[in-house]
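In order, the protein sequence lines correspond to chains A and B. Numbering of the first sequence is given in full-length UniProt numbering, commencing with residue 1 and proceeding in unit increments. Numbering of the second sequence is given in full-length UniProt numbering, commencing with residue 1 and proceeding in unit increments. Ideal Cβ positions, reconstructed from N, Cα and C, are used throughout, including at glycine. Nothing here was measured: the structure is a model prediction, and the numbers come from that model. Before any comments, here is the structure.
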Amino acid sequence: MKFTMTSALAVLIVSAPMAFAGGADDDVLSIDGVEMTSKVAAPPALAETGIDTAISGWHFREDDTQAMQTDSFDNPAMLAVERAADVWNTVEGTEGKSCATCHEGPESMQGVRAVYPKWNETAGEMRTLAMQINACRTENMGAEAYKYDGGDMTAMEALITVQSQGMPVNVATDGPAAEYWEKGKEIYYTRYGQLELSCASCHEQNYGNYIRADHLSQGQINGFPTYRLKNAGLVQTHNRFRGCIRDTRAETFSTGSPEFIALELYVASRGNGLSVEGPSVRQ
Amino acid sequence: MADNVKPRVKVPSSASAGEEIVIKTLISHPMESGQRKDSDGNVIPRSIINRFTCDFNGENVIDVTMEPAISTNPYFEFTAKVPETGEFKFTWYDDDGSVYEDSKTITV
């Protein structure tokens, strides 16, 4: 009798992890009734790794967290969007201009998020959205630059991002961008820190598996800036990169560094075709 | 008055008589608990929304007492039956005496 009890228990223990496997679910993400493309045939940058589907990080999260993103009223990130909408119309700097002076409403930013980071011909540099916002502020408005990952910057990014919600990510990786893309790829596959982990160790070879109690996603960045419940605030792509590298017990690159700009371009290209869903909600 | 306080309410614009509708409310507020200290060791004074009410055509729908453990930007979601066309009135009461109001009309 005792033997049967033990073996019955063993069956339970073996089968339990199956029910809680950390893989992507098959739910459908729609935000305010607009359906998002949260799974798409792998774009070239991802397909060459042997992965056939690009999957948004949304699919790896719990139902409660997922639900918060489906209604923009429930999405806490929208508070930052509202705040940035006020800033949009606020005149700052020596030129007496606001964002609205040149760009009219924030709706004019539709499609912008989807193509950043983007090569800027005039400046001869690869620009992230944050860099472009600061370029506008310093060159056109005569205002002070925002801190790269400060609250004002992240909120403004969120406002610009939300205009592109539902549009496919489409960063260019050819021409002058190719050099940055290659550099980003190299960083992606470089093992950092005492734990000797590369981005690929977790997000390519082990997405869908657990890392301790957490689900590993593909590391797609189509949902950034992201409202993280644990921070009760918005985080940018570069904050996430820094956090990941820090977790490998390495000295990290700083937000806005050339390394992270290249990495952002490369990682974004692995999600070309996924909908821009930022600002998203994650655990 | 606390900074950046802004109430938001989501109510359907129309409903059928007797229908149960979902109301969502959110007010941006720091909800300082009064238990924290600043870098000099001084207690940061408590500043929270301590009461939230919702009335429909003068009749009370919900009346909530709020305590310091409630986090930033308090969010309430509740249901209400709508017998007739009318106005929902939402009121938040701040510790400092400020009162924030919002209202939404619904057509039956």
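Quiz item: Skipping 5 residues on each side, what residues in its chain have a beta carbon closer than 6 Å to that of L129/A?
Solution: Here residue 129/A refers to the residue found at position 129 of the first sequence. The beta carbon of L129/A is closer than 6 Å to those of Y116 and E157 in its chain, skipping five residues each way along the sequence.
Quiz item: So which of P76/A, H59/A and M141/A has the shortest CA-CA distance to V87/A?
Solution: Taking the first sequence and counting its residues from 1, one reaches residue 87/A at position 87. Closest by alpha carbon: M141/A.
Practice problem: Compute the Euclidean distance between the alpha carbons of G124/A and I51/A, then round it to the nearest angstrom. | Solution: The sequence position of residue 124/A within the first sequence is 124, counting from 1. The sequence position of residue 51/A within the first sequence is 51, counting from 1. Between G124/A and I51/A, the C-alpha separation is close to 33 Å.
Quiz item: Applying a beta-carbon distance threshold of less than 8 Å, which residues of chain A neighbour K72/B?
Solution: By 1-based counting over the second sequence, the position of residue 72/B is 72. According to the sequence provided, residue 72/B is Thr. The question's Lys does not apply to it. Neighbours of T72/B on chain A, chain order: A232.
Exercise. Count the CB pairs spanning the segment 169-189 of chain A and the segment 267-277 of chain A that are closer than 8 Å, and state whether there are at least three.
Key: Segments in contact, yes.
Practice problem: Could you please tell me which residues of the UniProt domain "Sulphur oxidation protein SoxZ" (10-103) of chain B, in chain order, have their CB closer than 9 Å to any CB of chain A? | Solution: Those would be K10, K24, L26, S28, S71, T72, N73, Y75 and E77, in chain order.
Quiz item: Measuring CA to CA, which of A200/A, S38/A and L229/A is closest to S275/A?
Solution: Counting from one through the first sequence, the residue named residue 275/A turns up at place 275. In terms of Cα proximity to S275/A, the closest of A200/A, S38/A and L229/A is S38/A.
Quiz item: Would you say L129/A faces chain E, with C-beta separation under 9 Å as the test?
Solution: Within the model displayed, chain E is absent; protein chains A and B are what it includes.
Quiz item: If R51/B and G34/B are in contact, beta carbons under 8 Å, what's the gap, nearest whole angstrom?
Solution: Stepping through the second sequence from its first residue, residue 51/B is reached at position 51. Stepping through the second sequence from its first residue, residue 34/B is reached at position 34. Cβ atoms of R51/B and G34/B stay farther apart than 8 Å, at about 16 Å.
Practice problem: Give a yes or no on whether 9 Å exceeds the smallest Cβ distance from D32/A to chain B. | Solution: Locating residue 32/A in the first sequence gives position 32, where the first residue counts as 1. It does not; no Cβ of chain B falls within 9 Å.
Quiz item: Where DSSP assigns a beta bridge to Y146/A, which residues make up the other side?
Solution: Here the question's residue 146/A lines up with position 146 in the first sequence. Beta-bridge pairing links Y146/A to no other residue.
Exercise. Using a Cβ cut-off of 9 Å (strictly closer), state whether L46/A contacts chain B.
Key: Looking up residue 46/A in the first sequence gives position 46. Not flagged as an interface residue toward chain B: L46/A, since no C-beta distance is shorter than 9 Å.
Quiz item: Would you call the segment 245-265 of chain A and the segment 22-41 of chain A touching, i.e. three or more CB-CB distances under 8 Å?
Solution: Counting Cβ pairs under 8 Å, fewer than three are found: no touch.
Quiz item: In angstroms, rounded to a whole number, what distance separates the CA positions of G233/A and D32/A?
Solution: Within the first sequence, numbered from 1, the residue matching residue 233/A stands at position 233. Within the first sequence, numbered from 1, the residue matching residue 32/A stands at position 32. C-alpha separation (whole angstroms): 21 Å.
Practice problem: Note down, in chain order, all residues in the segment 79-98 of chain A with a beta-carbon under 8 Å from any beta-carbon belonging to chain B. | Solution: Listed in sequence order: L79, E82 and R83.
Exercise. Give the secondary structure of N140/A by DSSP, where H, G and I count as helix, E and B as strand, and everything else as coil.
Key: Here residue 140/A refers to the residue found at position 140 when the first sequence is read from its first residue. Reduced to three states, the DSSP call for N140/A is helix.
Quiz item: Between the segment 216-236 of chain A and the segment 191-203 of chain A, are three or more C-beta pairs nearer than 8 Å?
Solution: With the cut-off at 8 Å, the segment 216-236 of chain A and the segment 191-203 of chain A touch.
Quiz item: When the Cα of N222/A is compared with those of G57/A, D27/A and E104/A, which residue comes out closest?
Solution: Working through the first sequence from its first residue, we reach residue 222/A at position 222. Here the closest residue by C-alpha is G57/A.
Self-check item: C-beta atoms of I70/B and G86/B nearer than 9 Å
Solution: Here residue 70/B is taken as the residue at index 70 of the second sequence, counted from 1. Here residue 86/B is taken as the residue at index 86 of the second sequence, counted from 1. No, the pair does not count as a contact, with Cβ atoms beyond the cut-off.
Quiz prompt | Residue-level contact to chain B via CB, F253/A, 9 Å cutoff | solution = Taking the first residue of the first sequence as position 1, residue 253/A is located at position 253. So no, F253/A is outside the interface.
Quiz item: Between the C-alpha atoms of V57/B and S16/B, what's the straight-line distance to the nearest angstrom?
Solution: As a first step, residue 57/B is located in the second sequence; it is residue number 57 there, counting from the start. As a first step, residue 16/B is located in the second sequence; it is residue number 16 there, counting from the start. Residue identity check: residue 57/B is Asn in the sequence provided, not Val. Annotation: N57/B to S16/B spans about 17 Å, alpha carbon to alpha carbon.
Quiz prompt | CB contact below 9 Å: F73/A versus chain B | solution = On the first sequence, residue 73/A is found 73 positions in, with the first residue counted as 1. At least one CB atom of chain B sits nearer than 9 Å to the CB of F73/A.
Quiz item: Which whole-angstrom value is the C-beta distance of T248/A and Y192/A, which I expect to be below 8 Å?
Solution: Residue mapping note: residue 248/A aligns to position 248 of the first sequence, counting from 1. Residue mapping note: residue 192/A aligns to position 192 of the first sequence, counting from 1. That belief holds up - the Cβ atoms of T248/A and Y192/A are roughly 5 Å apart, short of 8 Å.
Quiz prompt | Host beta strand (DSSP E) of P7/B (start-end) | solution = The residue given as residue 7/B occupies position 7 in the second sequence. From DSSP, the beta strand (DSSP E) with P7/B extends over K6 to K10.
Exercise. Compare the Cα-Cα distances from V34/A to each of H103/A, G184/A and Q69/A and report the closest residue.
Key: As a position in the first sequence, residue 34/A is number 34, starting the count at 1. Residue Q69/A holds the alpha-carbon nearest to the alpha-carbon of V34/A among H103/A, G184/A and Q69/A.
Exercise. Taking all protein chains shown into account, decide if G278/A is buried (16 or more other Cβ within 10 angstroms of its Cβ) or exposed.
Key: Here the question's residue 278/A lines up with position 278 in the first sequence. Buried, since its Cβ has 16 or more Cβ neighbours within 10 Å.
Practice problem: At 9 Å on the CB atoms, spell out the chain B contacts of P225/A, in chain order. | Solution: As a working mapping, residue 225/A is identified with position 225 in the first sequence. Neighbours of P225/A on chain B: none; closest Cβ ~17 Å, over 9 Å.
Quiz item: With a CB to CB cut of under 8 Å and the five nearest residues on each side skipped, what residues in its chain are close to A100/A?
Solution: Residue 100/A sits at position 100 when you count from the first residue of the first sequence. Within the same chain, Cβ atoms closer than 8 Å to the Cβ of A100/A are found at W88 and N89, the five residues on either side in sequence being excluded.
Practice problem: Give a yes or no on whether the C-beta atoms belonging to D102/B and I49/B are separated by under 9 Å. | Solution: In the second sequence, the residue the question calls residue 102/B occupies position 102. In the second sequence, the residue the question calls residue 49/B occupies position 49. Cβ atoms of D102/B and I49/B: not closer than 9 Å.
Quiz item: Under three-state DSSP, which class holds K183/A?
Solution: Within the first sequence, the letter at position 183 stands for residue 183/A. K183/A: helix per DSSP, three-state reduction.
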